[in-house]
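Novice: Going by the numbering used here, the residue at position 379 of the sequence shown is 808; the numbering climbs one at a time, nothing skipped. Virtual Cβ for every residue (Gly too), placed ideally from N, Cα, C.
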Amino acid sequence: MPQYYQPEIETASRDEIVKIQNEKLVKQVRHVYDNVAYYRDLMDKKGVKPEDIQSIDDIHKLPFLKKDDLRECYPYGLLATDLKNCVRIQSTSGTTGKRVVAFYTQHDIDLWEECCARAIVAAGGTNEDVVQVCYGYGLFTGGPGLNGGSHKVGCLTLPMSSGNTERQIQFMMDLNATILCCTPSYAAFIAESLKERGYNPGDNKLKAGIFGAEPWTEEMRHSIEEGLGIKAYDIYGLTETSGPGVAFECSEQSGMHINEDHFYAEIINPDTGEVLPEGEKGELVFTALDKEAFPLLRYRTRDICVLTRGKCSCGRTHVKMCKPMGRSDDMLIIRGVNVFPSQIETVLLNEGYSPNYMIYVDRKNNTDTLDIDVELSPDRFSDNVADMQEMEKKLAAAMRTMLGIGPKIHLVPPKTIQRSEGKAVRVVDNRKLH
Ligand code: DLL
Numbered sequence: 430m431p432q433y434y435q436p437e438i439e440t441a442s443r444d445e446i447v448k449i450q451n452e453k454l455v456k457q458v459r460h461v462y463d464n465v466a467y468y469r470d471l472m473d474k475k476g477v478k479p480e481d482i483q484s485i486d487d488i489h490k491l492p493f494l495k496k497d498d499l500r501e502c503y504p505y506g507l508l509a510t511d512l513k514n515c516v517r518i519q520s521t522s523g524t525t526g527k528r529v530v531a532f533y534t535q536h537d538i539d540l541w542e543e544c545c546a547r548a549i550v551a552a553g554g555t556n557e558d559v560v561q562v563c564y565g566y567g568l569f570t571g572g573p574g575l576n577g578g579s580h581k582v583g584c585l586t587l588p589m590s591s592g593n594t595e596r597q598i599q600f601m602m603d604l605n606a607t608i609l610c611c612t613p614s615y616a617a618f619i620a621e622s623l624k625e626r627g628y629n630p631g632d633n634k635l636k637a638g639i640f641g642a643e644p645w646t647e648e649m650r651h652s653i654e655e656g657l658g659i660k661a662y663d664i665y666g667l668t669e670t671s672g673p674g675v676a677f678e679c680s681e682q683s684g685m686h687i688n689e690d691h692f693y694a695e696i697i698n699p700d701t702g703e704v705l706p707e708g709e710k711g712e713l714v715f716t717a718l719d720k721e722a723f724p725l726l727r728y729r730t731r732d733i734c735v736l737t738r739g740k741c742s743c744g745r746t747h748v749k750m751c752k753p754m755g756r757s758d759d760m761l762i763i764r765g766v767n768v769f770p771s772q773i774e775t776v777l778l779n780e781g782y783s784p785n786y787m788i789y790v791d792r793k794n795n796t797d798t799l800d801i802d803v804e805l806s807p808d809r810f811s812d813n814v815a816d817m818q819e820m821e822k823k824l825a826a827a828m829r830t831m832l833g834i835g836p837k838i839h840l841v842p843p844k845t846i847q848r849s850e851g852k853a854v855r856v857v858d859n860r861k862l863h
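Spelled out as structure tokens, the structure:
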């Protein structure tokens, strides 16, 4: 029997969902127009007034917001309520440019945590579960979001934060954790660390993992599921829209249900801004329908994705998004060919290698170069140079078939590639330095 956190909304009919979206959007546009001068100007420039938005079908009339707008408005320019109504901020790691600072009222926190609670229940969570949260706590949304969701479900919550793997394992074993929440790269590291300490997958009490915050492949899912003896569920979100829980996977594990009563999703052509029909691949755009403090309308995520509305065996009716195929700005263009790091991960895992790798792109003599360091597991490592070269050649050929260009593969000894405790950084593009 599937379980839901909020069955009446998670399994609502299409008509009911559209009705909710219509009502919320009309109210939200008025709220933003009245309170956010920056967005009011954008609407005025486009010649759109709040009265022009009568239903969700009118959403295409609204201007987009982009990351650049967020930078320009840093920190308070998109705040839609008095600061005295806000109770929290969260922020991005800020690797590129200025950080995004998102504001929350108590209502915003409640709806965000409810979204995370839906994700936990969809992964089989109940108040009998012990949820180990090893996403980072603090400014990053991962820890606080899943922590709040876990409380709402009534689970015993272990607020571990990321890192200190020895302690993670000790708590996991001693307190019988049943649900693990962290990035997929950290889950893979935990699985590896358990194995090294002589544990078998059946030795832990984990039944499920809720993994997200970075792209991960189906192959990575299988490897984590096997390594930990669990079912691994995907969860998606971004600081700009609240954090994790915008979308989450159910037992079908075939795409993530978007919490459509709070977030309206569109797919657009990233070059023209044209809205694409269901099933087509493009950039994911979100409108926060009922957030109070930081309600972004038509925010361009840069995540490349497909939406589908087929019937789901779990009974949820909300639209599904596929695993994001990487951000449009994660895509590498190497010798004119589009390469996503996720394609490289797929080949590696299919060929039986570990998910520990680094991608280096450079430009030498006006030609792009692609080098991939791939870590060998102890059982595959050998000091026979000819064997190693043969393996490198074979892997390079498999990469060429997938990518359309041939990389140079460097097999490196076990434990030489740094493990990630949060979002993994696997690409170094040195072309930017020249
Ligand atoms: O990563 C929020 C989050 C925390 C999601 C914990 C899931 C779990 P940001 O740091 O703002 O927020 O990064 C958002 O991360 O636009 C995607 O590019 C990427 N991302 C998030 N979840 C997934 C996922 C958090 N499941 C950016 N698969 C997003 C692929 C993901 N990419």
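1) DSSP three-state call for Leu609: helix, strand or coil?
2) Any chance you could list the beta strand (DSSP E) runs of at least 3 consecutive residues sitting entirely within the stretch 445–530, in chain order?
3) Exposed or buried, which one is Tyr693 when buried takes at least 16 other CB atoms within 10 Å?
4) Under the criterion of a Cβ to heavy atom distance below 8 Å, does Tyr564 qualify as lining ligand 1?
5) Which parts of the stretch 543–598 are runs of the beta strand (DSSP E), unbroken and 3 residues or longer, counting only runs that do not cross its ends?
6) Should Leu777 and Glu648 be called a contact, given that it needs their Cβ atoms to be closer than 9 Å?
7) Just checking Lys752 against ligand 1 - is the residue's beta carbon closer than 8 Å to any of the ligand's heavy atoms?
8) So the beta strand (DSSP E) Glu695 belongs to, where does it begin and stop?
9) How about Ile687 and Glu678: are their beta carbons less than 9 Å apart?
10) Distance check for Ile639 and Thr737, CA to CA, integer angstroms please.
11) Which of helix, strand or coil does DSSP assign to His747?
12) Keeping to the same chain, check which residues put their C-beta closer than 6 Å to that of Glu821; ignore five residues upstream and five downstream.
13) Does Val854 come out as helix, strand or coil in the three-state DSSP assignment?
14) Does at least one heavy atom of ligand 1 sit under 8 Å from the Cβ of Met589?
15) Any heavy atom of ligand 1 inside 8 Å of the beta-carbon of Gly541?
16) If you follow the alpha helix (DSSP H) that Lys823 is in, where does it begin and where does it stop?
17) State yes or no: is the C-beta of Arg517 nearer than 8 Å to some heavy atom of ligand 1?
18) Mind checking whether the beta-carbon of Gly574 lies closer than 8 Å to any heavy atom of ligand 1?
19) Compute the beta-carbon to beta-carbon distance between Gly577 and Ile549, rounded to the nearest angstrom, for a pair I have assumed lies under 8 Å.
20) What span of residues does the beta strand (DSSP E) with Gly638 cover, start to end?
21) Is Asn779 helix, strand or coil by DSSP?
22) Please name the residue in Leu799, Thr555, Glu689 whose C-alpha comes closest to that of Leu540.
23) Any idea if Tyr462 is buried or exposed, counting beta-carbon neighbours within 10 angstroms, 16 or more meaning buried?
24) How should Gly739 be labelled, buried or exposed, when 16 other C-beta atoms within 10 angstroms of its C-beta is the threshold for buried?
25) Check the DSSP bridge columns for Tyr789 and list the partner residues they point to.
26) Would you please state the rounded distance, in angstroms, between the beta carbons of Arg729 and Leu494? I believe it to be under 8 Å.
27) For Asp663, does the three-state DSSP call read helix, strand or coil?
28) Under the three-state reduction of DSSP, which class applies to Ile653: helix, strand or coil?
29) May I ask you to report which of helix, strand or coil DSSP gives Tyr728?
30) When you measure from the CB of Val529 to every non-hydrogen atom of ligand 1, does any distance come out below 8 Å?
31) Let's see if you can read the secondary structure: which residues bound the alpha helix (DSSP H) around Pro673?
32) Have a look at Ile659 and Leu805 and give me their C-alpha separation to the nearest angstrom.
33) Within 10 Å of its beta-carbon, does Glu625 have 16 or more other beta-carbons around it, so buried, or fewer, so exposed?
34) Going by beta-carbon coordinates alone, are Pro673 and Tyr564 separated by less than 9 Å?
35) Going by the C-beta, is Met685 closer than 8 Å to any heavy atom of ligand 1?
36) Mind checking who Cys734 pairs with in its DSSP beta bridge?
Specialist: So, to answer that:
1) Note: Leu609 maps to strand in three-state DSSP.
2) Counting whole runs of 3 or more residues, the stretch 445–530 contains the beta strand (DSSP E) stretches 515–520.
3) With 16 or more Cβ atoms within 10 Å of its Cβ, Tyr693 is classed as buried.
4) Yes, the Cβ of Tyr564 comes within 8 Å of a heavy atom of ligand 1.
5) Note on the stretch 543–598: whole beta strand (DSSP E) runs with a minimum of 3 residues are 559–562, 585–588, in chain order.
6) Contact flag set, yes.
7) Judged by the Cβ position, Lys752 qualifies as a neighbour of ligand 1 at the 8 Å threshold, a heavy atom of the ligand being closer than this.
8) Going by DSSP, Glu695 is part of the beta strand (DSSP E) stretching over 692–697.
9) Glu678 sits away from Ile687, with the two beta carbons spaced by 9 Å or more.
10) Thr737 and Ile639: Cα-Cα distance of roughly 21 Å.
11) Coil at His747, not helix or strand.
12) Setting aside the 5 residues that flank it on each side, Glu821 is surrounded in the same chain by Ile838, Leu840, each with a C-beta closer than 6 Å to its C-beta; the list follows chain order.
13) DSSP places Val854 in the coil class of the three-state scheme, outside both helix and strand.
14) Not so, every heavy atom of ligand 1 lies at least 8 Å from the Cβ.
15) For the sequence presented, residue 541 should be read as Trp rather than Gly. Flag unset: Cβ of Trp541 not near ligand 1.
16) Start and end: 814–832.
17) Flag unset: Cβ of Arg517 not near ligand 1.
18) True, at least one ligand heavy atom lies under 8 Å from that Cβ.
19) Contact doesn't hold; Cβ gap of about 10 Å is too wide.
20) Unbroken beta strand (DSSP E) run through Gly638: 637–641.
21) The answer is helix: DSSP assigns Asn779 an H, G or I state.
22) Here the closest residue by C-alpha is Glu689.
23) By the neighbour-count rule (16 or more Cβ atoms within 10 Å), Tyr462 is buried.
24) Per the 10 Å Cβ criterion, exposed.
25) Tyr789 is bridged to Asp800, Val857.
26) A Cβ-Cβ distance of about 7 Å is found for the pair Arg729 and Leu494, placing them in contact under the 8 Å criterion.
27) Judged by DSSP in its simplified three-state form, Asp663 adopts strand.
28) In this structure, Ile653 counts as helix in the three-state DSSP scheme.
29) Residue state, collapsed to three classes: strand.
30) Yes; taking the cut-off as 8 Å, the Cβ of Val529 has a heavy atom of ligand 1 nearer than that.
31) Unbroken run through Pro673 is the beta strand (DSSP E), 672–678; no alpha helix (DSSP H).
32) C-alpha of Ile659 to C-alpha of Leu805: approximately 24 Å in a straight line.
33) Classification for Glu625: exposed.
34) Pairing Pro673 with Tyr564 gives a Cβ-Cβ distance under 9 Å.
35) Look at Met685: its beta carbon is less than 8 Å from one of the heavy atoms in ligand 1.
36) Cys734 is bridged to Gly711.
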